[in-house]
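Below: the structure, in structure tokens.
Chains as they are written, first to last, in the working numbering: chain U, 6 to 270; chain A, 10 to 275.
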């Protein structure tokens, strides 16, 4: 067979490309990004509000030394995220299943969920602080509200959209409603629970930082806020990057769990 | 004379459509199905054939008339009436083996006991072999082709030992070769382990090849227009399609169905 002519028209390729090409480009992108950051901070005007990579690295070293508060900020922020998220996760599953399973419960709860969903949880901060003071509970509460809503909506959609043919099939086997719930509804909505958890975790982080901008001394959000008052842009950037890295790691952990628990997908 | 296994008498079913007049899905449907008979139903879309299947399955209620099996009213779904769906309805989180074993947990054996783990496994093994899926026991449905998925569904229906298998266009989504093969497989299985099969299809060839009677339904309202006996001896194979008697029956049914199709306002 003769080889096709070189002049054959090349059509747009919509695949992700080879793994090697992907990793090469990712590395180029990261290194290039850092280099670009370094270059622009050479300009003094920009350097007044944007610390250079070197300054941020120096901040990281001094902050993470004994006596620095870096690890304490991270652990207190993480604690808030995990407690708020954890409580919301535990609460959202039964609520979502009740809504998916009982139309009456759905009709009673859904309008409120849809209404609350459009309100940024940050807007509730003043009320929550007035009600609960300045301790840890108001932070948990804000994160709880934000993540609970996201997770309930996602999981409930999953419960509602379970393939009706599967339900019919189970009924024809002789399954009772209880069997149907345990054997079919729960495993079928499992992927949605995991997707809900990932969305919830992302919104927990966003909300946390907002929540920490008021009424607390420790935490990554508070640290960023404090550093701003001293124009310490290295610390501000360090905080921002740290939040990004934490979010990335938490998402990867959840993604890993998802991959392993839903191999059948 | 022996009484038919399933008796459908004067069944009427309306669907309520909001802000529109009700749709009469079935009107005055009468049908008797003998034990171990293979009945096919053909008809244009909207003739209520799936509704009729769902009613026999107990998945749908009806407004008037009666549907009995062994002389007893059908009041809900049950394992004695297995259903095989066009969309396979395999549980994606269960392996092939688990899919076949799952329904067994609801079945009480003749002596009142339940299937043990070993018995379930042995049964699954037997039917996996029967549908030629040995080697795929631990695969998830996503790894199977459409034809293989439907074979799992058929194995599942057989493993549950239902008296009646209700099949709703089970081969409708498959390519022509796979379809031909599954038709033969189903014939072999049915010839070796007789069951009552109620089989919906829109493929007239398929209906004549498989069944001993073809029920022709008409639409708006859905009712039975004619029942055509297929007096071709079993065992049948794809070669049966060449016989003149086959072609005669097929052409007759095709004409009837096509005329009805032309009458439907489109």
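Beta carbons: idealized from backbone N, C-alpha and C, even for Gly.
Minimum C-alpha distance to residue i - residue among the options
{"i": "residue 138 (chain A)", "options": "A:120, A:157, A:124 and A:121", "result": "A:157"}
{"i": "residue 37 (chain A)", "options": "A:229, A:249 and A:185", "result": "A:229"}
{"i": "residue 94 (chain U)", "options": "U:20, U:200, U:270 and U:223", "result": "U:200"}
{"i": "residue 147 (chain A)", "options": "A:106, A:129 and A:159", "result": "A:106"}
{"i": "residue 281 (chain U)", "options": "U:87, U:134, U:239 and U:99", "result": "Shown here, chain U extends from 6 to 270; a query on residue 281 (chain U) therefore has no answer."}
{"i": "residue 168 (chain U)", "options": "A:254, A:97, A:121 and A:18", "result": "A:97"}
{"i": "residue 19 (chain A)", "options": "A:50, A:25, A:64 and A:113", "result": "A:64"}
{"i": "residue 253 (chain A)", "options": "A:152, A:154, A:217 and A:136", "result": "A:217"}
{"i": "residue 270 (chain A)", "options": "A:242, A:51 and A:153", "result": "A:51"}
{"i": "residue 193 (chain A)", "options": "A:82, A:21, A:23 and A:243", "result": "A:243"}
{"i": "residue 47 (chain A)", "options": "A:172, A:185 and A:187", "result": "A:172"}
{"i": "residue 130 (chain A)", "options": "A:118, A:142 and A:110", "result": "A:110"}
{"i": "residue 183 (chain U)", "options": "U:61, U:106 and U:71", "result": "U:106"}
Start and end residues, beta strand (DSSP E) containing residue i
{"i": "residue 181 (chain A)", "result": "Counting along the chain, residue 181 (chain A) falls outside any beta strand (DSSP E), and DSSP gives it neither H nor E."}
{"i": "residue 177 (chain A)", "result": "173 to 177"}
{"i": "residue 51 (chain A)", "result": "47 to 51"}
{"i": "residue 48 (chain U)", "result": "Residue 48 (chain U) -> no beta strand (DSSP E), and no H or E assigned at all."}
Close Cβ partners of residue i (< 7 Å) along its chain, the five nearest in sequence each way excluded
{"i": "residue 151 (chain U)", "result": "126, 208, 209 and 212"}
{"i": "residue 116 (chain A)", "result": "88, 124 and 169"}
{"i": "residue 149 (chain U)", "result": "89, 92 and 93"}
{"i": "residue 102 (chain U)", "result": "164"}
{"i": "residue 44 (chain A)", "result": "14 and 205"}
{"i": "residue 118 (chain U)", "result": "154, 157 and 158"}
{"i": "residue 86 (chain U)", "result": "148, 209, 210 and 213"}
{"i": "residue 189 (chain A)", "result": "247"}
{"i": "residue 21 (chain U)", "result": "27"}
Three-state secondary structure (DSSP) of residue i
{"i": "residue 232 (chain A)", "result": "strand"}
{"i": "residue 38 (chain A)", "result": "strand"}
{"i": "residue 225 (chain A)", "result": "strand"}
{"i": "residue 112 (chain A)", "result": "helix"}
{"i": "residue 3 (chain A)", "result": "Residue coverage of chain A in this structure runs from 10 to 275, which leaves residue 3 (chain A) outside it and unanswerable."}
{"i": "residue 41 (chain U)", "result": "helix"}
{"i": "residue 98 (chain U)", "result": "helix"}
{"i": "residue 11 (chain A)", "result": "coil"}
{"i": "residue 82 (chain A)", "result": "strand"}
{"i": "residue 44 (chain A)", "result": "coil"}
{"i": "residue 77 (chain A)", "result": "strand"}
{"i": "residue 90 (chain A)", "result": "strand"}
{"i": "residue 222 (chain U)", "result": "coil"}
{"i": "residue 18 (chain A)", "result": "strand"}
{"i": "residue 188 (chain A)", "result": "helix"}
First through last residue of the alpha helix (DSSP H) which encompasses residue i
{"i": "residue 197 (chain U)", "result": "191 to 217"}
{"i": "residue 113 (chain U)", "result": "108 to 122"}
{"i": "residue 239 (chain A)", "result": "No alpha helix (DSSP H) holds residue 239 (chain A); DSSP gives it neither H nor E."}
{"i": "residue 158 (chain U)", "result": "142 to 165"}
{"i": "residue 67 (chain U)", "result": "58 to 69"}
{"i": "residue 253 (chain A)", "result": "253 to 272"}
{"i": "residue 213 (chain A)", "result": "213 to 219"}
Residues near residue i by beta carbon distance below 6 Å, same chain, minus five either side
{"i": "residue 94 (chain A)", "result": "177"}
{"i": "residue 231 (chain A)", "result": "34, 35, 56 and 57"}
{"i": "residue 162 (chain A)", "result": "93 and 97"}
{"i": "residue 145 (chain A)", "result": "105"}
{"i": "residue 143 (chain U)", "result": "133, 134 and 137"}
Same chain only: Cβ atoms within 8 Å of residue i, ignoring 5 sequence neighbours per side
{"i": "residue 162 (chain U)", "result": "197"}
{"i": "residue 259 (chain U)", "result": "199, 202, 203 and 206"}
{"i": "residue 76 (chain U)", "result": "69"}
{"i": "residue 264 (chain U)", "result": "none"}
Near the ligand ADP: residue i beta-carbon under 7 Å from a heavy atom
{"i": "residue 180 (chain U)", "result": "The model depicted lacks the ligand ADP and carries no ligand whatsoever."}
(message) Tell me whether the region 112 to 122 of chain U and the region 175 to 184 of chain U touch, counting them as touching only if at least three CB pairs, one residue from each stretch, are closer than 8 Å.
(response) Contact fails: fewer than three Cβ-Cβ distances are below 8 Å.
(message) Count Cβ pairs between the region 93 to 105 of chain A and the region 240 to 260 of chain A that sit closer than 8 Å; are there 3 or more?
(response) no
(message) Any contact between the region 180 to 188 of chain A and the region 28 to 44 of chain A? By contact I mean 3 or more CB pairs, one from each, below 8 Å.
(response) no
(message) For the pair the region 219 to 227 of chain U and the region 29 to 37 of chain U, tell me if three or more CB-CB distances fall below 8 Å.
(response) Under the Cβ criterion (8 Å, minimum of three pairs), the region 219 to 227 of chain U does not count as touching the region 29 to 37 of chain U.
(message) Three Cβ pairs or more, each shorter than 8 Å: is that satisfied between the region 202 to 211 of chain A and the region 58 to 65 of chain A?
(response) The region 202 to 211 of chain A is in contact with the region 58 to 65 of chain A.
(message) When you compare the region 69 to 83 of chain A with the region 151 to 160 of chain U, are there three or more beta-carbon pairs, one atom per stretch, that lie closer than 8 Å?
(response) no
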